[in-house]
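Written out below as C-alpha coordinates is the structure these notes cover.
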Amino acid sequence: MSAEKANKRSRVKQVRNHSIISETRTVIGAAKKAITNNDSKEDVDLLVAKAVKQLDKIAGKKLIHKNTAARTKSRLIASSKSI
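Residue numbers (the numbering used here): 12 to 94.
The following block contains the structure:
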(Lines of atoms letter the chains of each structure in order from A and count residues from 1; the text may use other names and numbers.)
(Lines give C-alpha, C1' and ligand atoms only; values in the text may rest on other atoms or scores of the structure.)
Protein backbone atom coordinates (compact mmCIF):
# COMPACT_ATOMS: atom_id res chain seq x y z
CA MET A 1 0.00 0.00 0.00
CA SER A 2 1.32 3.41 -0.90
CA ALA A 3 2.04 6.01 1.72
CA GLU A 4 -0.59 8.31 0.23
CA LYS A 5 -3.28 5.66 0.49
CA ALA A 6 -2.27 4.78 4.04
CA ASN A 7 -2.38 8.46 4.99
CA LYS A 8 -5.84 8.87 3.46
CA ARG A 9 -7.17 5.78 5.26
CA SER A 10 -5.67 7.04 8.51
CA ARG A 11 -7.43 10.41 8.16
CA VAL A 12 -10.78 8.76 7.39
CA LYS A 13 -10.42 6.49 10.42
CA GLN A 14 -9.43 9.42 12.63
CA VAL A 15 -12.53 11.41 11.65
CA ARG A 16 -14.79 8.41 12.26
CA ASN A 17 -13.23 7.65 15.64
CA HIS A 18 -13.41 11.29 16.70
CA SER A 19 -17.14 11.45 16.01
CA ILE A 20 -17.78 8.25 17.98
CA ILE A 21 -15.76 9.49 20.96
CA SER A 22 -17.49 12.88 20.79
CA GLU A 23 -20.90 11.19 20.81
CA THR A 24 -19.84 9.18 23.84
CA ARG A 25 -18.76 12.31 25.72
CA THR A 26 -22.15 13.89 24.95
CA VAL A 27 -24.03 10.86 26.29
CA ILE A 28 -21.91 10.75 29.45
CA GLY A 29 -22.43 14.48 29.96
CA ALA A 30 -26.20 14.10 29.64
CA ALA A 31 -26.17 11.33 32.24
CA LYS A 32 -24.06 13.41 34.65
CA LYS A 33 -26.32 16.42 34.15
CA ALA A 34 -29.42 14.33 34.88
CA ILE A 35 -27.80 13.05 38.06
CA THR A 36 -26.82 16.53 39.30
CA ASN A 37 -30.24 17.98 38.41
CA ASN A 38 -31.96 15.26 40.45
CA ASP A 39 -34.07 14.15 37.49
CA SER A 40 -36.45 11.24 37.92
CA LYS A 41 -34.90 7.87 38.70
CA GLU A 42 -36.25 6.39 35.44
CA ASP A 43 -34.66 9.14 33.33
CA VAL A 44 -31.32 8.80 35.11
CA ASP A 45 -31.33 5.02 34.76
CA LEU A 46 -32.12 5.30 31.05
CA LEU A 47 -29.31 7.80 30.43
CA VAL A 48 -26.80 5.84 32.50
CA ALA A 49 -27.69 2.64 30.64
CA LYS A 50 -27.19 4.45 27.33
CA ALA A 51 -23.80 5.77 28.50
CA VAL A 52 -22.71 2.31 29.69
CA LYS A 53 -23.69 0.79 26.35
CA GLN A 54 -21.76 3.46 24.46
CA LEU A 55 -18.68 2.99 26.67
CA ASP A 56 -18.76 -0.77 26.10
CA LYS A 57 -19.06 -0.17 22.38
CA ILE A 58 -16.02 2.09 22.09
CA ALA A 59 -13.95 -0.03 24.48
CA GLY A 60 -14.70 -3.02 22.25
CA LYS A 61 -13.42 -1.05 19.26
CA LYS A 62 -10.35 -0.12 21.32
CA LEU A 63 -10.96 3.60 20.97
CA ILE A 64 -10.46 3.87 24.72
CA HIS A 65 -8.82 1.45 27.12
CA LYS A 66 -11.14 -1.11 28.69
CA ASN A 67 -10.11 -0.06 32.21
CA THR A 68 -10.97 3.57 31.42
CA ALA A 69 -14.41 2.45 30.29
CA ALA A 70 -14.86 0.31 33.40
CA ARG A 71 -13.82 3.16 35.70
CA THR A 72 -16.16 5.62 34.01
CA LYS A 73 -19.07 3.17 34.14
CA SER A 74 -18.41 2.45 37.80
CA ARG A 75 -18.42 6.13 38.71
CA LEU A 76 -21.59 6.82 36.74
CA ILE A 77 -23.45 3.91 38.30
CA ALA A 78 -22.28 4.80 41.81
CA SER A 79 -23.38 8.41 41.44
CA SER A 80 -26.74 7.35 39.97
CA LYS A 81 -27.40 5.20 43.04
CA SER A 82 -27.11 8.26 45.26
CA ILE A 83 -30.43 9.57 43.90
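In this text, a Cβ means the ideal position worked out from N, Cα and C, and glycines have one as well. Computed from a prediction, not measured in an experiment: that's the story for all the values here.
Closest in C-alpha terms to T35, from the list D54, L57, K68 and R20, comes K68. Our two residues, N28 and I46, have alpha carbons roughly 27 Å apart in a direct line. Put simply, the stretch 50 to 65 touches the stretch 73 to 89. At least three CB pairs are less than 8 Å apart. Your pair L57 and A80 does not check out as a contact, with CB atoms roughly 19 Å apart and the cut at 8 Å.
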